[in-house]
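Trainee: The structure is given below, and queries will be raised subsequently.
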Amino acid sequence: MAGVFGNLNENQVLQILCYLAPADAISMTQTSKNEMFAPKKALMEGYFEHCTRRIFVLSKLEAADGAVTGAANGYPAVGAPAVTSWYEAFQSWHQALGEVSATCARTALHGAAGSLPSWSSRWIAVWRRIKTWLKRQPNARGIHESLRSEARDVSYLEKQGALKSVVDCWRLVDGQDLPLDPQVAPMVRSLPPLADGDEWSHGLFGGYQCYDHEICNVFLPLEAAKNITQHFAAMLKDRVPDMEETVLANKMVFGMSFNAAKVLFVDLKDGQVYIFTRKNRSILELAVPSGDGKDGFLRWFEEYARRLDSGYFSIDYLRPEEAPLQSGISLFPCAAPELTVCVTNGVEVRASAIYMPEHQAGWTYSIAMRLVGTKEERGFEMCQLVSRHWEIVEEGHEPERVDGDGVIGLFPILVDGGWLRNRDSDPHGQYAVHGKADGFFRYQSCLGRNAQMRTWFGGAMTFVPGTRRNPSGKAFRVKVEPFKLHVPEFLY
């Protein structure tokens, strides 16, 4: 190549180019009209291959979300066919990085290529997917706004010998800025206590509620994770003096319910994810399937992002009786096979369950109901729940049958578009506000552990057209399609 590169061969020129910042290289290819300053296209392709592999830890030519160039500002259009050059791949992944962290994107573009830090393309993809999903949800603003920017100092993790596949998580998003229970906040030290009017339902990793057991899992900033890990280890050592030291070795708390009722750990050196459990003869339970590599933490995040994106998890009221407060990511499954759906006489019933490793009961289940169709199709304008008839089948055992009035002290009156809250449907005043509530009537209860830890729960509910006090027809039964209670491979 002639010009400023003299008689250097292409490999030598490429080595020189690799000291340029990507922004300078892009400028060189786009603005230079003088061939002596413009390296050959093939040479620049080699440069961008080097940069893309180095910065985004890519093993093959691919785009973020299968994108190609051609959209506004020369950046990729998401969802299009795969990229055809390393230059396009660089642009695609740089845009994706910018959607996760503007600071990291500037560093990737303007830093010297020979000394640039790297960010795992898998972590960029998973955080982009989570943030994009949150932006699309009308009631997820509090969760999205609580996400912090990248951690500026990850030396604590590096000193602990943490895997890069663990460190990169906080190098892109340093947890959430959220208040915690006043008794928990002093243990963390870097997050404030909940005050009157604060909502506890904005944890990134979702939650649920069963009676007085409230869970919403917060992604902890690195400093908070370090502090609570030290506190938790000291507490367990005091309460379980015969606990083997290896149980908590290399493990750091990365997620925790706002009230510390649920705690998630990552092993910094092998990448496995664990959860504090009430399981017999154990303190920690594996929360991700074992794999060939040390990427369990990343796979745990990827599966969670997939569940958000696919509609398996959704935004809902974590404590129904406090709606419209306490809106967050509900961990009750919203898709088959974990969710069952059945319609009988115009009453739709949806049911699912969550395994609660942290609770002695084992599972919490949710049953939601609403009217579908028209008044003419159903033969009634409204109907009221009178009684329940459950059939609980533990694997290898005879069915257990349970009958009772209403559900958790409630007798919902279903109407088109929602249900009525009044003294007849809520005789114990569980709901502070009466009147019509839109959407499903939903209640949550729990079921105890058993030897097999595999159970089917189903049955029926009896309704009357009209109300209990003023029935307009004969009582009828509505089927609750059996749903599964088990211990899943991924625990959230």
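Per the working numbering, the sequence shown starts with residue 37, numbered consecutively.
By construction, the Cβ of each residue, glycine as well, lies at the ideal position given by its N, Cα and C atoms.
In this text the structure is predicted, and so the values were computed from the model without any measurement.
Can you look up Gly82 in the DSSP assignment and give me helix, strand or coil?
Mentor: Gly82 falls in the helix class under three-state DSSP.
Trainee: According to DSSP, which residues form a beta bridge with Thr282?
Mentor: Bridge partners of Thr282: none, in fact.
Trainee: Taking the C-alpha atoms as reference points, what is the distance between Arg164 and Gln173?
Mentor: Cα to Cα, Arg164 sits roughly 15 Å from Gln173.
Trainee: Use the C-beta contact count for Arg355: other C-beta atoms within 10 angstroms, 16 or more gives buried, fewer gives exposed.
Mentor: By the 10 Å Cβ count, Arg355 comes out buried.
Trainee: Can you list, in chain order, the residues of its chain with a C-beta nearer than 7 Å to that of Asp474? Leave out the 5 residues immediately preceding and following it.
Mentor: Excluding residues within five positions, the ones whose Cβ falls inside 7 Å are Gly453, Gly454.
Trainee: Roughly how many whole angstroms lie between the Cα atoms of Tyr123 and His86?
Mentor: Their Cα atoms are separated by approximately 10 Å.
Trainee: For Asp278 and Leu272, I'd like the C-alpha separation in whole angstroms.
Mentor: Answer to the nearest angstrom: the Cα atoms are 10 Å apart.
Trainee: Can you give the beta carbon distance from Asn253 to Phe241, rounded, assuming they're within the 8 Å contact cut?
Mentor: The pair is a contact, with the Cβ atoms about 4 Å apart (cut-off 8 Å).
Trainee: Of all the options Pro222, Tyr244, Leu216, Arg225, which has the alpha carbon lying nearest to the alpha carbon of Gly233?
Mentor: With distances taken between Cα atoms, Gly233 lies closest to Leu216.
Trainee: Could you check where the beta strand (DSSP E) with Cys140 kicks off and where it finishes?
Mentor: That residue, Cys140, is in no beta strand (DSSP E); its alpha helix (DSSP H) goes 138-146.
Trainee: Output needed for Leu361: all residues of its chain with C-beta closer than 7 Å, excluding positions within five of it in sequence on either side, in chain order.
Mentor: Here the set comprises Glu235.
Trainee: Just the C-alpha distance for Glu357 and Val379, rounded to the nearest angstrom, thanks.
Mentor: Taking the straight line from one Cα to the other gives about 24 Å.
Trainee: Does the region 386-395 come within contact of the region 255-270, defined as at least 3 CB pairs closer than 8 Å?
Mentor: Contact between the region 386-395 and the region 255-270 is absent, because fewer than three Cβ pairs lie under 8 Å.
Trainee: Classify Ala38 as buried or exposed, calling it buried when 16 or more other Cβ atoms lie within 10 Å of its own Cβ.
Mentor: Low per-residue confidence applies at Ala38: pLDDT is 47, beneath 50, and the placement is therefore not dependable, though the value from the model is reported in the following sentence. Counting Cβ neighbours within 10 Å, Ala38 comes out exposed, since fewer than 16 surround it.
Trainee: In the structure shown, what three-state DSSP assignment does Arg188 receive?
Mentor: Arg188 falls in the coil class under three-state DSSP.
Trainee: I need the DSSP call for Arg459, collapsed to helix, strand or coil.
Mentor: Note: Arg459 maps to coil in three-state DSSP.
Trainee: Might you give, ordered along the chain, the residues of its own chain that have their beta carbon closer than 8 Å to the beta carbon of Glu135, omitting 5 neighbours on each side?
Mentor: The answer, listed in chain order, is Arg164, Lys167, Thr168.
Trainee: Short check: CB of Ser191 to CB of Leu214, under 7 Å?
Mentor: Not closer than 7 Å, so no.
Trainee: Mind checking which residues open and close the alpha helix (DSSP H) that includes Thr597?
Mentor: Outside the shown range of the chain, which is 37 to 528, sits residue 597, and nothing can be said about it.
Trainee: Could you check the C-alpha separation between Ala530 and Pro153 for me, to the nearest Å?
Mentor: Coverage of the chain is limited to positions 37 through 528, which leaves residue 530 absent and any answer about it impossible.
Trainee: Need the endpoints of the beta strand (DSSP E) that Asn253 sits in, please.
Mentor: 249-255 is the extent of the beta strand (DSSP E) around Asn253.
Trainee: Measure the alpha-carbon distance for Trp336 versus Pro325 and round it to whole angstroms.
Mentor: In a straight line, the C-alpha of Trp336 is about 9 Å away from that of Pro325.
Trainee: Assuming Leu320 contacts Val289 under a Cβ cut-off of 8 Å, what Cβ separation, rounded to an integer in Å, is found between them?
Mentor: Not a contact, Cβ separation roughly 11 Å.
Trainee: Under three-state DSSP, which class holds His180?
Mentor: Residue state, collapsed to three classes: helix.
Trainee: Run the CB neighbour count on Glu434, radius 10 Å, all protein chains shown included, and call it buried at 16 or more, exposed below.
Mentor: Exposed is the call here.
Trainee: What does DSSP give as the partner residue(s) for Ser120 in the beta ladder?
Mentor: What sits at residue 120 in the sequence shown is Thr, not Ser. DSSP, once it has assigned bridges, lists no residue as partnering Thr120.
Trainee: Can you pull the DSSP bridge partners for Met497?
Mentor: In the DSSP output, where bridge partners are listed per residue, Met497 has Arg424, Val514.
Trainee: Taking the alpha-carbon of Gly364 as reference, which of Phe349, Glu374, Leu375 has the nearest alpha-carbon?
Mentor: The shortest Cα separation from Gly364 among Phe349, Glu374, Leu375 belongs to Phe349.
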